[in-house]
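Per UniProt numbering, residue 1 is the first one in the sequence shown, and the count goes up by one each step.
Built from N, CA and C at the ideal position, the CB exists for glycine as well.
Below is one structure; the comments refer to it alone.
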Amino acid sequence: MRLKIAVLAGDGIGPEVTQQATNILRAVAELGGHDFTFVEGLIGGVAITKTGSPLPTTTLDAALDSDAVLLGAVGDNQFNALPPDKRPEAGLLQIRQALGGFANLRPSIAYAALATSSPLRPEVTKDVDILFVRELLGGLYFGAPRWWDRDSNEAINTMRYTRDEIVRVARVAFELASKRRKKVTSVDKANVLEVSQLWRATVTEVAKDYPVVTLEHQLVDSMAMHIMNIPRNFDVVLTENLFGDILSDEAGVITGSLGMLPSATIGGAVNLYEPVHGSAPDIAGTGKANPLGAILTAAMVLRHSANLEQDARAVEQAVHTVLNAGYRTADIARGQDPGQTPVTTQEMGKLV
Ligand code: NAI
Ligand code: MG
């Protein structure tokens, strides 16, 4: 297996956690006899400092020329005074747009060893393994018209989807579900919104091509409660942009720490992989960053860009193993639990 990976480590803890993620990929390549090459590129504040731009063309070219883009995080307080389009975060928006992925995948997994890190009761979170598939390029965030008329004090955003936009993201959800527990929960607000009625009709139609997968529909408001009460009932959750943004953040609570959450954006020119967390300037350079979100993101690279399902599972299993053995970065440590060993970013990566 050959894979060219563009590594954009970015700012703050980005380079610290990305280093651990690439170490994992190097180990997988060595053990499996794969040929992975890594091309480093600048993005975010570090790119502004060195080139004046948050996303230099050399970085964009390297990303477009790769098989997968692995991103750390961007954001640096020293640029807070700049206008939004000049700030580090602009680099992130630009690369997401340039790569064009329409399906954002966010797993929400309960780790038995971290059951006390989640505010939810362990009997509720036990064995939870949800994969959110959020449509990323349509809906309220992009629909036109959009404006805020400051004279009349009226503002408009437009929730808009076409059938084709729904079909392509639904196919991603059904394909993934057919390799998992074979259930898709499609979330909408079809009792109120026309867009949701089109969404529901279209997803129901796509489901006919996947007879092994069970489809259920949920309204977004009751789904918000079900995620807290019966998260174990869900396998793949398919939804539009705004609902997916909110519900996947809500479900992040199940895992217990922002530092544990991976993501992938697929369907565009090149898939983009990034941990959910930001550059965490408050802990940058202290060795406190949890690298597991970035490492689980590397597992997603193996699954979705290299088709190495067994290797992806081996990495995920290794994360379970080190957690079960009691190793903890500061964000997932709990004072009262005995049998924990505090570790740094580097140590955690090495253990995995
Ligand atoms: P953040 O995710 O960087 O940090 C939020 C809190 O979680 C902080 O207390 C941080 O220490 C902690 N945290 C985050 N990741 C962690 C990890 N791996 N291990 C242990 N603790 C971790 O979000 P915040 O503070 O709102 O933003 C900081 C900067 O990051 C800003 O410039 C923001 O724009 C940027 N940002 C970038 C994102 C990205 O690159 N995808 C996403 C979110 C924020
Ligand atoms: Mg969000």
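Give the range of the beta strand (DSSP E) segment to which residue i is assigned.
{"i": "L8", "result": "2-10"}
{"i": "N290", "result": "Here N290 belongs to no beta strand (DSSP E), and DSSP marks it neither H nor E."}
{"i": "P88", "result": "First-last for P88: 88-99, but that is the alpha helix (DSSP H), not the beta strand (DSSP E)."}
{"i": "Q218", "result": "214-219"}
{"i": "N104", "result": "103-109"}
{"i": "A115", "result": "It is not in any beta strand (DSSP E) - A115 carries neither H nor E in the DSSP assignment."}
{"i": "G72", "result": "68-73"}
{"i": "K126", "result": "K126 -> no beta strand (DSSP E), and no H or E assigned at all."}
{"i": "F38", "result": "35-40"}
{"i": "Y273", "result": "271-273"}
{"i": "S186", "result": "183-188"}
{"i": "A280", "result": "Here A280 belongs to no beta strand (DSSP E), and DSSP marks it neither H nor E."}
{"i": "A333", "result": "Where A333 is concerned, there is no enclosing beta strand (DSSP E), given that its DSSP letter is neither H nor E."}
{"i": "A155", "result": "154-156"}
{"i": "D235", "result": "Note, D235: premise wrong, no beta strand (DSSP E); not H, not E."}
For residue i versus residue j, is the C-beta distance shorter than 8 Å?
{"i": "P231", "j": "I130", "result": "yes"}
{"i": "L238", "j": "V203", "result": "yes"}
{"i": "F142", "j": "R106", "result": "no"}
{"i": "D67", "j": "I24", "result": "no"}
{"i": "residue 360", "j": "G101", "result": "Not covered by the structure: residue 360. The range shown for the chain is 1 to 352."}
{"i": "P342", "j": "V17", "result": "no"}
{"i": "G91", "j": "V172", "result": "no"}
{"i": "Y111", "j": "H320", "result": "yes"}
{"i": "E165", "j": "E135", "result": "yes"}
{"i": "E250", "j": "W199", "result": "no"}
{"i": "T125", "j": "A113", "result": "no"}
{"i": "D235", "j": "R180", "result": "yes"}
{"i": "A144", "j": "I95", "result": "no"}
{"i": "L3", "j": "A306", "result": "yes"}
So residue i and residue j are supposed to be a Cβ contact under 8 Å. How far apart are they, rounded?
{"i": "M348", "j": "V322", "result": "7 Å"}
{"i": "A190", "j": "K183", "result": "Rounded, the Cβ-Cβ distance is 19 Å, inconsistent with contact."}
{"i": "L247", "j": "V187", "result": "7 Å"}
{"i": "M1", "j": "L308", "result": "6 Å"}
{"i": "V46", "j": "S279", "result": "About 10 Å; that fails the 8 Å criterion."}
{"i": "M159", "j": "V206", "result": "Not quite, the Cβ-Cβ distance comes to about 20 Å (not below 8 Å), so this is no contact."}
{"i": "S117", "j": "I332", "result": "5 Å"}
{"i": "I109", "j": "L71", "result": "In fact, because the Cβ distance is near 21 Å, the residues do not count as touching under 8 Å."}
{"i": "H104", "j": "G244", "result": "According to the sequence provided, residue 104 is Asn. The question's His does not apply to it. That pair is a contact at about 7 Å."}
{"i": "P275", "j": "G293", "result": "4 Å"}
Measuring only the C-alpha atoms, how far is residue i from residue j?
{"i": "P54", "j": "E123", "result": "45 Å"}
{"i": "I295", "j": "L137", "result": "26 Å"}
{"i": "V315", "j": "G259", "result": "16 Å"}
{"i": "Q197", "j": "A298", "result": "36 Å"}
{"i": "L60", "j": "R121", "result": "44 Å"}
{"i": "D185", "j": "G52", "result": "Before going further, note that residue 185 is Thr rather than Asp in the sequence given. Computed Cα separation, rounded: 45 Å."}
{"i": "A29", "j": "D127", "result": "30 Å"}
{"i": "N77", "j": "Y210", "result": "48 Å"}
{"i": "G326", "j": "I254", "result": "19 Å"}
{"i": "T37", "j": "L8", "result": "14 Å"}
{"i": "G10", "j": "H304", "result": "22 Å"}
{"i": "G41", "j": "P15", "result": "11 Å"}
{"i": "V69", "j": "V270", "result": "7 Å"}
{"i": "I13", "j": "A312", "result": "23 Å"}
{"i": "A330", "j": "V352", "result": "17 Å"}
{"i": "D35", "j": "Q317", "result": "23 Å"}
{"i": "V213", "j": "T57", "result": "43 Å"}
{"i": "D97", "j": "Q340", "result": "Here residue 97 turns out to be Gln, not Asp, going by the sequence shown. If you take the alpha carbons of Q97 and Q340, they lie about 42 Å apart."}
{"i": "A284", "j": "T49", "result": "17 Å"}
{"i": "T344", "j": "N229", "result": "34 Å"}
{"i": "Q346", "j": "T22", "result": "12 Å"}
{"i": "H217", "j": "S257", "result": "29 Å"}
{"i": "Q20", "j": "K350", "result": "8 Å"}
{"i": "R150", "j": "A170", "result": "38 Å"}
{"i": "S152", "j": "P83", "result": "26 Å"}
{"i": "A155", "j": "D85", "result": "23 Å"}
{"i": "G252", "j": "A81", "result": "30 Å"}
With respect to the alpha helix (DSSP H) encompassing residue i, which residues constitute its N-terminal and C-terminal limits?
{"i": "D245", "result": "241-255"}
{"i": "E165", "result": "163-178"}
{"i": "I48", "result": "45-51"}
{"i": "L60", "result": "57-64"}
{"i": "H320", "result": "309-324"}
{"i": "N23", "result": "14-32"}
{"i": "K208", "result": "Where K208 is concerned, there is no enclosing alpha helix (DSSP H), given that its DSSP letter is neither H nor E."}
{"i": "T345", "result": "345-351"}
Within the present structure, is the beta-carbon of residue i separated from the nearest heavy atom of the ligand ADP by less than 7 Å?
{"i": "L92", "result": "The ligand ADP is not part of this structure, which contains only the ligand NAI and the ligand MG."}
Looking at the C-beta of residue i, does it have a partner C-beta in chain C at a distance below 8 Å?
{"i": "D331", "result": "The structure shown contains no chain C; it is built from a single protein chain."}
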